[in-house]
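S.K.: Each residue of the sequence shown is one higher than the last, beginning at -14 in our numbering.
Every residue, glycine too, gets a C-beta built ideally from N, C-alpha and C.
The structure presented is a predicted model; accordingly, all values stated were derived computationally and were not measured.
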Amino acid sequence: MPEEPDNVVLVYLRRLNERLDVLHDDNREIKTRLGILEQQGASLSSRIDRIEFRLDRIEKRLDLVEV
(Lines of atoms letter the chains of each structure in order from A and count residues from 1; the text may use other names and numbers.)
(Lines give C-alpha, C1' and ligand atoms only; values in the text may rest on other atoms or scores of the structure.)
Protein backbone atom coordinates (compact mmCIF):
# COMPACT_ATOMS: atom_id res chain seq x y z
CA MET A 1 0.00 0.00 0.00
CA PRO A 2 1.47 3.38 -0.98
CA GLU A 3 2.43 5.79 1.72
CA GLU A 4 0.15 8.75 2.11
CA PRO A 5 1.75 12.16 2.47
CA ASP A 6 2.05 13.59 5.93
CA ASN A 7 0.90 17.00 4.91
CA VAL A 8 -1.04 18.32 1.94
CA VAL A 9 1.04 21.50 1.94
CA LEU A 10 4.20 19.44 1.49
CA VAL A 11 2.66 17.72 -1.52
CA TYR A 12 1.88 21.05 -3.14
CA LEU A 13 5.32 22.42 -2.30
CA ARG A 14 6.96 19.38 -3.92
CA ARG A 15 4.85 19.83 -7.05
CA LEU A 16 5.69 23.51 -7.14
CA ASN A 17 9.36 22.69 -6.76
CA GLU A 18 9.20 20.26 -9.70
CA ARG A 19 7.53 22.88 -11.87
CA LEU A 20 10.12 25.47 -10.89
CA ASP A 21 12.87 23.05 -11.90
CA VAL A 22 11.29 22.69 -15.33
CA LEU A 23 10.96 26.47 -15.67
CA HIS A 24 14.58 26.90 -14.61
CA ASP A 25 15.75 24.47 -17.31
CA ASP A 26 13.58 26.19 -19.93
CA ASN A 27 14.93 29.59 -18.91
CA ARG A 28 18.52 28.33 -19.22
CA GLU A 29 17.80 27.02 -22.73
CA ILE A 30 16.18 30.32 -23.76
CA LYS A 31 19.20 32.29 -22.50
CA THR A 32 21.56 30.03 -24.42
CA ARG A 33 19.58 30.39 -27.63
CA LEU A 34 19.31 34.16 -27.18
CA GLY A 35 23.08 34.36 -26.77
CA ILE A 36 23.54 32.48 -30.02
CA LEU A 37 21.13 34.84 -31.79
CA GLU A 38 23.01 37.85 -30.44
CA GLN A 39 26.30 36.46 -31.75
CA GLN A 40 24.76 35.83 -35.17
CA GLY A 41 23.31 39.34 -35.24
CA ALA A 42 26.70 40.85 -34.42
CA SER A 43 28.32 38.74 -37.13
CA LEU A 44 25.77 39.89 -39.70
CA SER A 45 26.26 43.51 -38.68
CA SER A 46 30.00 43.16 -39.15
CA ARG A 47 29.56 41.60 -42.59
CA ILE A 48 27.16 44.35 -43.66
CA ASP A 49 29.66 46.99 -42.52
CA ARG A 50 32.41 45.37 -44.61
CA ILE A 51 30.14 45.18 -47.65
CA GLU A 52 29.22 48.84 -47.23
CA PHE A 53 32.91 49.80 -47.01
CA ARG A 54 33.71 47.83 -50.16
CA LEU A 55 30.77 49.33 -52.02
CA ASP A 56 31.91 52.83 -51.07
CA ARG A 57 35.38 52.08 -52.43
CA ILE A 58 33.93 50.77 -55.69
CA GLU A 59 31.74 53.85 -56.09
CA LYS A 60 34.73 56.13 -55.54
CA ARG A 61 36.87 54.24 -58.06
CA LEU A 62 34.14 54.47 -60.68
CA ASP A 63 33.55 58.14 -59.88
CA LEU A 64 29.93 57.47 -59.07
CA VAL A 65 30.02 59.71 -56.01
CA GLU A 66 31.64 63.03 -55.21
CA VAL A 67 34.76 62.75 -53.06
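1) Residues in its own chain within less than 7 angstroms of D(-9) by CB, not counting five upstream and five downstream?
2) Give me the Cα-Cα distance between G20 and D11, rounded to the nearest whole angstrom.
3) Rounded to the nearest angstrom, what separates V(-7) and R18 at their Cα positions?
4) Mind checking which residues open and close the alpha helix (DSSP H) that includes E51?
5) To the nearest angstrom, report how far apart L(-2) and D6 are at their CA atoms.
M.R.: In terms of the structure at hand:
1) To locate residue -9, count along the sequence shown from 1; it is residue 6. Cβ within range, chain order: n/a, list empty.
2) Taking the first residue of the sequence shown as position 1, residue 20 is located at position 35. Taking the first residue of the sequence shown as position 1, residue 11 is located at position 26. Pairing G20 with D11, the inter-Cα distance amounts to about 14 angstroms.
3) Within the sequence shown, residue -7 is the residue found at index 8, counting from 1. Within the sequence shown, residue 18 is the residue found at index 33, counting from 1. Rounded to whole angstroms, V(-7) to R18 spans 38 angstroms at the Cα level.
4) As a first step, residue 51 must be located in the sequence shown, where it is residue number 66. For E51, there is no enclosing alpha helix (DSSP H), as DSSP marks it with neither H nor E.
5) Counted from its first residue, the sequence shown places residue -2 at position 13. Counted from its first residue, the sequence shown places residue 6 at position 21. The C-alpha of D6 is placed about 12 angstroms away from the C-alpha of L(-2).
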